[in-house]
């Protein structure tokens with residue numbers, strides 16, 4: 034079980050690294066005026082999104098394994114709250130995909146300031162999820 038938990042934690046940290054960096058690329062894409070720079074940033078965003086999606090899927094599978102097979106947090110209020118935040122995190126990941134598609138199509142119209150604020154959402158989610166796991170308040 035400890036190996037599963039170890040890999041789950043490492044993959045979650047790696048997924049969050051992608052969730053922190055991808056919107057920063059979006060900030061630069063929203064400001065880019067040079068077509069070559071835009072193309073380069075878009076390629077970076079596409080590769081990062083693909084990679085972090087793989088990390089997310091494996092992290093979620095391992096988390097489900099810990100929950101269903103080992104029963105970690107089963108029946109606990111903190112786990113229910115954490116799972117709700119994980120669903121929000123998955124929706125955020127999906128929003129990242131939506132914005133990537135918009136940039137690919139050349140139809141994204143949000144400003145760099147929007148993406149600076151958008152980039153703060155995973156920080157709040159990471160803090161809340163970590164607090165729930167460590168403190169187990171419910």
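Residue numbers (the numbering used here): 34 to 171. Backbone N, C-alpha and C fix where the C-beta goes; we use that ideal spot for every residue, glycine too.
Alpha-carbon to alpha-carbon, residue j and residue i
i: residue 148; j: residue 59; result: 6 Å
i: residue 151; j: residue 83; result: 19 Å
i: residue 125; j: residue 155; result: 8 Å
i: residue 47; j: residue 85; result: 8 Å
i: residue 73; j: residue 55; result: 14 Å
i: residue 45; j: residue 92; result: 6 Å
Proximal residues to residue i (C-beta, below 6 Å), its chain only, five neighbours per side dropped
i: residue 165; result: 111, 114, 115
Own chain, CB closer than 8 Å to residue i, minus 5 neighbours either side, in chain order
i: residue 168; result: 111
i: residue 137; result: 75, 79
Bounding residues of the alpha helix (DSSP H) (the contiguous stretch that carries residue i)
i: residue 143; result: That residue, residue 143, is in no alpha helix (DSSP H); it is neither H nor E in DSSP.
i: residue 80; result: 68 to 101
i: residue 162; result: 154 to 168
i: residue 109; result: Careful: residue 109 lies outside any alpha helix (DSSP H) and carries neither H nor E.
i: residue 63; result: 35 to 64
Own chain, CB closer than 7 Å to residue i, minus 5 neighbours either side, in chain order
i: residue 96; result: 41
i: residue 161; result: 118
Within-8 Å CB hit, residue i to chain D
i: residue 145; result: This model lacks chain D altogether, as it is built from one protein chain only.
Contact check, residue i vs residue j, beta carbons under 8 Å
i: residue 158; j: residue 121; result: yes
i: residue 79; j: residue 35; result: no
i: residue 99; j: residue 37; result: yes
i: residue 51; j: residue 88; result: yes
For the structure I just gave you, are there three or more beta carbon pairs, one from the stretch 96 to 111 and one from the stretch 53 to 70, closer than 8 Å?
no
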